[in-house]
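See below for the structure under consideration.
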Amino acid sequence: MVLILSYDGYEQGTEGVIDWLLYHGHPFVRASANALLRPGSDWKINIHDGRIEFKGVNLNKEVGAIFYRRFEADAPYYDIGEPRVSRQLQRELQGEAERLTTFVSDSLADKFWLPTIAASNRAANKLSTLTLARTCGLAVPQSYICRSRSEVVNLLDENSNGWITKPINYCGYYSRENFAYTTFTSRLGHENVAELPERFHPSLLQECVTPVYEVRAFYLMGEFFSEATQTQGSTTSVNDTVFMDVKLKTAEAETRYLPYQLPIEVENKLTQLMQKLDLNTGSIDLIVNETGEYYFLEVNPGGQFSAPSERSNFHLEKRIAELLIKKDTSHGK
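Residue numbers for the sequence shown, in UniProt numbering: 1 to 333.
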């Protein structure tokens, strides 16, 4: 049986794989971490003998492969009349939830994981991954952590092409009324640096590499499925943000997506990086500059792959499902 760890609701990287498991008639069960916290949920955990059950399924015995998309529990907030104490209570409950999810994953460590939680958490640290990528011979943008406007001004004086700022960690969506908000990669130049406060939270700045096109490479067990993204007719001035975040231009008519073959030497370096991270899958972002140099940006172990899979006919959901079936049926044999 295949265990899928994901959200309770819709998650695009999960649904397509489930469709193919259903097509093949292979047994699976889908579970979420938040269900662990709900009273009367389908999770049953026996610490004494280490038995983990979900919906009556003994996961220790019946599961051979695990597809990990998301398995983070969100502790509830209890308003007990004192905001400071309420926040402290939530933090401590969050710690309890994290220990619980860790115990579940540790108890199933002998299964085939795609990918493992430990490797995913390690790769999620963009700063450490950038450093590791350099040791693998990959080019990476110059990167700094800044805390003040004066630091940004000094960097702008050193590099007139400008800098970009992006979240250090994963950033979700904020909902308010009928709107959703999130952060995007943004460009910083002399023309807008005055908008910054003098002091701010430690933030990641990277040199702005002028791209000719961007590449999203999906890595799966040693294979690469790459797609190039190019925006026709765009400019590359400091004021132009068209290349700053691919999420902002997916619907633009002038944006083109093409299946792409990375140079073998780049694939070899990326493979070395993934092996050092102990990742057997992940979505890798690169940009190619005007001289043809490839810059590594980041790897997202739980990155979305459905859009490039459909656009470039990679059939990644089918490949993932069939890999999970193969690993499940061969587990313990």
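All C-beta atoms in this analysis are idealised placements derived from N, C-alpha and C, irrespective of residue type, glycine included.
{"query": "C-alpha gap between residue 139 and residue 296, whole angstroms", "result": "6 angstroms"}
{"query": "Closest residue to residue 16 among 61, 33, 67 (Cα-Cα distance)", "result": "67"}
{"query": "Integer Cβ distance of residue 331 from residue 64, believed to fall under 8 angstroms", "result": "3 angstroms"}
{"query": "Residue ranges of each beta strand (DSSP E) within the stretch 143-207, 3 or longer", "result": "143-148, 163-166, 174-176, 179-181, 186-188, 199-207"}
{"query": "Residue 393 - DSSP class collapsed to helix/strand/coil", "result": "With the chain running from 1 to 333 in the structure shown, residue 393 is simply not present."}
{"query": "Limits of the alpha helix (DSSP H) - the one that residue 104 falls within", "result": "83-107"}
{"query": "Cβ-based burial, residue 147 [other Cβ within 10 Å; buried from 16]", "result": "exposed"}
{"query": "Same chain, Cβ closer than 7 angstroms to residue 12, five either side skipped, listed in chain order", "result": "304, 306"}
{"query": "Where residue 73 falls, given that 16 or more other Cβ within 10 Å makes a residue buried", "result": "buried"}
{"query": "Run of the alpha helix (DSSP H) containing residue 357, from where it starts to where it stops", "result": "This structure does not reach residue 357, given that the chain is present from 1 up to 333, and the question cannot be answered."}
{"query": "Residue 159 vs residue 210 beta-carbon contact at 9 angstroms", "result": "no"}
{"query": "Given residue 191 as reference, the closest of 284, 50, 153, 225 once Cα atoms are compared", "result": "153"}
{"query": "Candidates 269, 22, 3, 32: closest to residue 9 by CA position", "result": "32"}
{"query": "Reduced DSSP secondary structure (H/G/I, E/B, other) of residue 289", "result": "strand"}
{"query": "Distance CB(residue 228)-CB(residue 202) smaller than 9 angstroms", "result": "no"}
{"query": "Residue 280 Cβ short of 8 angstroms to the ligand SAH heavy atom set", "result": "In the structure on display, the ligand SAH does not appear, and there are no ligands present to speak of."}
{"query": "Residue 55 (DSSP reduced to helix, strand or coil)", "result": "coil"}
{"query": "As assigned by DSSP and simplified to three states, the class of residue 2", "result": "strand"}
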